[in-house]
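Report on the following structure.
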Amino acid sequence: MKHNKVGVAESAELKVVSKRLPKVDGRSIVRGEARYTKDFVGEDALFARIVRSPYAHARIKKIDKSEALAVPGVELVLTHEDVPRIPFTTAGQNYPEPSPYDTFMLDAKVRFVGDRVALVVARDRLTAEKAARLVRVDYEILPAVFDPEEALKKSAPVIHDEPDAEGIHDASRNVAASIHAEVGDLEEEFKKADLVSEHTYYSQYEQQVPMEPHVTYSYLDESGRLVIITATQVPFHVRRIVARVNEIPVSRVRVIKPRIGGAFGVKQEIILEDLCAHAALRTGKPVFMELSREEEFYATRPRHPMKLTCKTGVMKDGNIVANEMRVVVNTGSYGSHGLTVPSNTGSKSMPLYRARAIRYVAEVAYTNLPVAGAFRGYGAPQGYFALECHMDEVAREIGMDPLEFKRKNAIRAGDMDPIAVKLGEGKEGFEREIRSCGLEECIELASNAVGKSGESPGAGGPFRRTKRGVGFALCMHGTGIPGDDVAGATVKVNEDGSFNLLVGATDLGTGSDTILGQMAAEVLGVSLDDVIVYASDTDFTPFDVGAYASSTTYVSGRAVVMAAEKVRERLRGVAAGLLGVEAEALAFDDGSFRAPGGESLHVKEAALKSLYGDAKQQISETASFLNLDCPPPFGACFAEVEVDLDTGMVRVTDIASAIDVGRAINPDLCEGQIVGCAAMGIGYALTEEMLFSTEGRMLNASLLDYKIATSLDLPDIKGFIVESVEPSGPFGVKSVGEVSMDPIAPAIANAVFNATGVRIRELPLTPERVLTALKKAGV
Amino acid sequence: LRIEITVNGKAFEVEAPAGETLVEVLRRLGFKSVKDGCYTGTCGGCTVILDDRPVASCIMLAAQADGSCITTLEGLADGDELHPVQQAFYEVNAPQCGFCSPGMMLTAVSLLRRNPEPTIEEIREAIAGNTCRCSGYVKVIEAIELAGKKMSEGGGR
Chain P
152 MKHNKVGVAE
162 SAELKVVSKR
172 LPKVDGRSIV
182 RGEARYTKDF
192 VGEDALFARI
202 VRSPYAHARI
212 KKIDKSEALA
222 VPGVELVLTH
232 EDVPRIPFTT
242 AGQNYPEPSP
252 YDTFMLDAKV
262 RFVGDRVALV
272 VARDRLTAEK
282 AARLVRVDYE
292 ILPAVFDPEE
302 ALKKSAPVIH
312 DEPDAEGIHD
322 ASRNVAASIH
332 AEVGDLEEEF
342 KKADLVSEHT
352 YYSQYEQQVP
362 MEPHVTYSYL
372 DESGRLVIIT
382 ATQVPFHVRR
392 IVARVNEIPV
402 SRVRVIKPRI
412 GGAFGVKQEI
422 ILEDLCAHAA
432 LRTGKPVFME
442 LSREEEFYAT
452 RPRHPMKLTC
462 KTGVMKDGNI
472 VANEMRVVVN
482 TGSYGSHGLT
492 VPSNTGSKSM
502 PLYRARAIRY
512 VAEVAYTNLP
522 VAGAFRGYGA
532 PQGYFALECH
542 MDEVAREIGM
552 DPLEFKRKNA
562 IRAGDMDPIA
572 VKLGEGKEGF
582 EREIRSCGLE
592 ECIELASNAV
602 GKSGESPGAG
612 GPFRRTKRGV
622 GFALCMHGTG
632 IPGDDVAGAT
642 VKVNEDGSFN
652 LLVGATDLGT
662 GSDTILGQMA
672 AEVLGVSLDD
682 VIVYASDTDF
692 TPFDVGAYAS
702 STTYVSGRAV
712 VMAAEKVRER
722 LRGVAAGLLG
732 VEAEALAFDD
742 GSFRAPGGES
752 LHVKEAALKS
762 LYGDAKQQIS
772 ETASFLNLDC
782 PPPFGACFAE
792 VEVDLDTGMV
802 RVTDIASAID
812 VGRAINPDLC
822 EGQIVGCAAM
832 GIGYALTEEM
842 LFSTEGRMLN
852 ASLLDYKIAT
862 SLDLPDIKGF
872 IVESVEPSGP
882 FGVKSVGEVS
892 MDPIAPAIAN
902 AVFNATGVRI
912 RELPLTPERV
922 LTALKKAGV
Chain E
7 LRIEITVNGK
17 AFEVEAPAGE
27 TLVEVLRRLG
37 FKSVKDGCYT
47 GTCGGCTVIL
57 DDRPVASCIM
67 LAAQADGSCI
77 TTLEGLADGD
87 ELHPVQQAFY
97 EVNAPQCGFC
107 SPGMMLTAVS
117 LLRRNPEPTI
127 EEIREAIAGN
137 TCRCSGYVKV
147 IEAIELAGKK
157 MSEGGGR
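Chain order of the listed sequences is P and E.
The opening residue of the first sequence carries number 152 in my numbering; numbering runs sequentially from there.
The opening residue of the second sequence carries number 7 in my numbering; numbering runs sequentially from there.
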């Protein structure tokens, strides 16, 4: 594949890109004027509440809604008998979605505690809640299964026995999906290896916990079209899926994403929009839905729990010859992202180390637990927890320093990535060459920044027995989904030399509106203030798959650069006419078109003349970019921990994460991703875990009982940017928002081993788990 | 219940049902910067300054606020001129999604009024009730430090 340098300014000197500019929505946020979905809800809106299942697995024999309907203020009660029965997936993926169509708006069967049973629509929240308690449901309780390995056994209850589901790998065995990818002769290489080492690791259900819960608002406009204002990462997929399950044409639906209060993947799901839209269509009135914080915990989309077994063949000199990962995945009761997340577990982690033979296999099991889904890292954090702990162990087993061992085997620029061909996102892969790699710089920066405080162990006081240790992990990730991601951008000229930039791309708080504006400004030779960014409105912005798969900067950014270049070239034509020279003769520098004779015309002047000169015209260009590549960003995290030997409490005392992002369009926002991932990763490593009763009910569905990091739980996280300048990316970008999550948990787990000599292969490293392991090991 | 509150210097008389919380009343009055992320006083998104101290307005009944003076984020700026805390949050790009920012900034204002030159530990302590899932707090703390410095050097309010 041939790659040209994309969008790198000829004069090399970047004026807007690479600058720490305030976010375009920064002023409205700090003034309290930024508008989120709920802020648009009118006083007259009805509130809709979902009636949820108290049982993990049951068939609905009968629903009596008469009492609920009798409550004054109740407008509508919907059950599975009232809505179209169309199988779909809640996964907001590009069409055709690789996730099984195993979900219905409302069904006659419930598959986890909290599953949808009915919808109550009433004049306000209190009335809806009161009426929801009066919906009488007769259940036939079915045996439930909560362990994925149990679920795969013949004796297990079948969770998806409905005949009309589509795309399930083997419903009769509760297998949502199955993956097998292999290069080289693995068994032969294991035979030749001096050492074959195998370890098994376990990861947990981790919930996403955006500060803004899922919230959506639907109403019919004056022409009867359905308008959905919603907190989503995927406005165009929402439009398509909502139209389909409600049996209305896409042309009748408009989806708007206003500011959004955090997403991380959990808003790449149709959690509420289908029902809310249905209620608005049925009642003809505006309808509002918002999950409670409790529902946000059990009824959204946590990270897939996995059991991961790594087996590696290695020679005495430290060369890896064969590398295998076998995974059992718990997708919960529906298969949203059930094929692609586990694909990614292998495809993002296994290429990191060179080997002649590589195998990745995964079995994805349904259980009667909450539905897993897309969550920052998309399967890779689980893969890296296993791989990076395992490689730490393998290095020690052959008597090598783990850093030396990993460096020796790591992929580097110029290498092909053999497993990429076999393992795409739920389908065949693609050929991938590594063209940019800043892994060494990442290691250097992160390793030098950690453990230099000089603070001695036991700083907590004379009565604490503590030990300190440093651990690390390396990683790589991807940028976009090749052959799948498509993004559109429109640039429109105004007479004052400002430009409207219309993008389908979706800013989740990541700052994509800002960095896309910076790219357009750079190409057009104007300041960021001259670019008016409008995003994520299916009526007014071009198509974009949405914000996921670490694609926005690379994919949507490319569309923006292409559209801006087209506009700049048309303005060059305008300038050429005014200056009386050939367009090709004009140089473009610092916002001005310059003729060989020395005359020049500023782009703003050209903009004015394009609309108000002799040849009046609206210059406006749309560009579309189909991504065919997936260049990997790289990263390294070093962490220092203090382990309290008497309580098992682990504290991260120092942590540094360095990420090769290709190029940082806005370093502030890039650091925000790197540091934010580290904070989330510390939670994943130490405290965050959804706990369930023996009946499958979540036990810690509140912010008090499910611990995400507060300001007191975190050290001063150090985030470093490395720029390797990827040839295929606009201005050299790769990605940052997910790769930064990958190395955190294994770095901390390796640090705990380094501190105590005890290896714990299960997340999170809670005091209970650590203390049990320490006691068992006699520490 | 009929209650009287002053919000951002303006007096309001509102009719609030007995069970209505302060956050609901404030949002009903149009102060949409007050965010409700949990309704249980655990996320800090609904923080407002009530008679000089930060409170979680989702676990306070509107009736309990009768007669008090409340500041929301809308009340911080002086026209176009940002409060130093707002200016600092803006300059260092402290907000990511921005959902926790209103509560976080009001907590910071309240802290800096009590303690104009807080240490990093004191900042961490002060914002412990304002949960942020995006940032890891690094730029938030940097912004509060910067605002404190600016306010100590004059220009503070």
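Note that CB positions come from ideal geometry on N, CA and C, so glycine has one too.
Cβ-based burial, residue i [other Cβ within 10 Å; buried from 16]
i	result
P/Leu855	exposed
P/Ala282	buried
P/Asp819	buried
P/Met567	exposed
P/Leu359	Just to set this straight, residue 359 of chain P is Gln in the shown sequence, not Leu. By the neighbour-count rule (16 or more Cβ atoms within 10 Å), P/Gln359 is buried.
E/Phe105	buried
P/Pro314	exposed
P/Thr923	exposed
P/Pro784	buried
P/Ala830	buried
P/Lys156	Its pLDDT being 43, under 50, P/Lys156 is placed unreliably in this model, and the value from its coordinates should be taken loosely. With fewer than 16 Cβ atoms within 10 Å of its Cβ, P/Lys156 is classed as exposed.
In DSSP terms, what residue i is bridged to
i	result
P/Asp695	P/Ala638
P/Asn474	P/Thr463 and P/Ile509
P/Asp811	P/Phe785 and P/Val873
P/Val792	P/Gly620 and P/Val803
E/Cys77	Residue identity differs from the one stated: residue 77 of chain E is Thr in this sequence, not Cys. Answer is E/Ile55, bridged to E/Thr77.
P/Met457	P/Val480
E/Ala132	DSSP, once it has assigned bridges, lists no residue as partnering E/Ala132.
E/Glu19	E/Glu10
P/Leu324	Leu is not the amino acid found at residue 324 of chain P; the sequence shown has Arg there. Answer is none; P/Arg324 lacks a bridge partner.
Beta-carbon separation (whole angstroms), residue i vs residue j, contact threshold 8 Å
i	j	result
P/Gly524	P/Ser487	5 Å
P/Glu582	P/Ser494	Actually they are not in contact, since the Cβ atoms of P/Glu582 and P/Ser494 sit about 17 Å apart, beyond 8 Å.
P/Leu229	P/Leu293	Incorrect: roughly 23 Å between the Cβ atoms, too far for contact.
P/Cys461	P/His331	Between P/His331 and P/Cys461 the Cβ distance is about 16 Å, and since that is not below 8 Å, they are no contact.
E/Gly154	E/Asn136	Actually they are not in contact, since the Cβ atoms of E/Gly154 and E/Asn136 sit about 17 Å apart, beyond 8 Å.
E/Val144	P/Val826	5 Å
P/Ile392	P/Phe556	46 Å between Cβ atoms; not a contact.
P/Pro456	P/Asn481	5 Å
Same chain only: Cβ atoms within 6 Å of residue i, ignoring 5 sequence neighbours per side
i	result
P/Lys789	According to the sequence provided, residue 789 of chain P is Phe. The question's Lys does not apply to it. Same-chain partners within the cutoff: Ala597, Ser598, Val601, Phe623 and Ala807.
P/Ala430	Ala199, Val272 and Val438
P/Arg267	Ile201 and Leu257
P/Val109	It is not possible to answer for residue 109 of chain P, since the shown part of chain P is limited to 152 through 930.
P/Gly158	Interpretation of P/Gly158 is limited by its pLDDT of 43, a score under 50 that renders its predicted location unreliable; the figure taken from the coordinates is listed afterwards. These residues qualify, in order along the chain: Val712, Pro881 and Phe882.
P/Ala196	Pro437 and Phe439
P/Ser702	Gly631 and Asp636
P/Ile237	Val396
P/Asp797	Arg616
Range of the contiguous beta strand (DSSP E) that encloses residue i
i	result
P/Pro853	The sequence as given places Ser at residue 853 of chain P; Pro does not occur at that position. Unbroken run through P/Ser853: none, as it is neither H nor E.
P/Asn651	Phe650 to Val654
P/Tyr353	Leu346 to Tyr353
P/Lys212	Ala209 to Asp215
P/Thr381	Leu377 to Thr381
P/Phe439	Val438 to Glu441
P/Arg267	Arg267 to Ala273
P/Thr254	Unbroken run through P/Thr254: none, as it is neither H nor E.
Extent of the continuous alpha helix (DSSP H) to which residue i belongs
i	result
P/Ser484	Here P/Ser484 belongs to no alpha helix (DSSP H), and DSSP marks it neither H nor E.
P/Pro386	Pro386 to Val396
P/Thr907	Ile895 to Thr907
P/Leu280	Here residue 280 of chain P turns out to be Glu, not Leu, going by the sequence shown. Per DSSP, P/Glu280 belongs to the alpha helix (DSSP H) from Arg276 to Ala283.
P/Ile180	Gly177 to Val181
Cutoff 7 Å; reference residue i; Cβ partners in own chain excluding five residues on either side
i	result
P/Leu667	Leu652, Val654, Ala656, Val684, Ser707, Gly708 and Val711
P/Val309	Ala322, Ser323 and Asn325
Own chain partners of residue i with C-beta closer than 8 Å, once the 5 adjacent residues on each side are dropped
i	result
P/Ala698	Gln384, Val385, Ala414, Gln419, Ala656, Thr657, Asp658, Leu659, Thr661 and Ser663
E/Arg4	Here chain E has residues from 7 to 163 only, and residue 4 of chain E is not among them.
P/Thr278	Phe198, Val222, Pro223, Gly224 and Val225
P/Met362	Gly412 and Gly413
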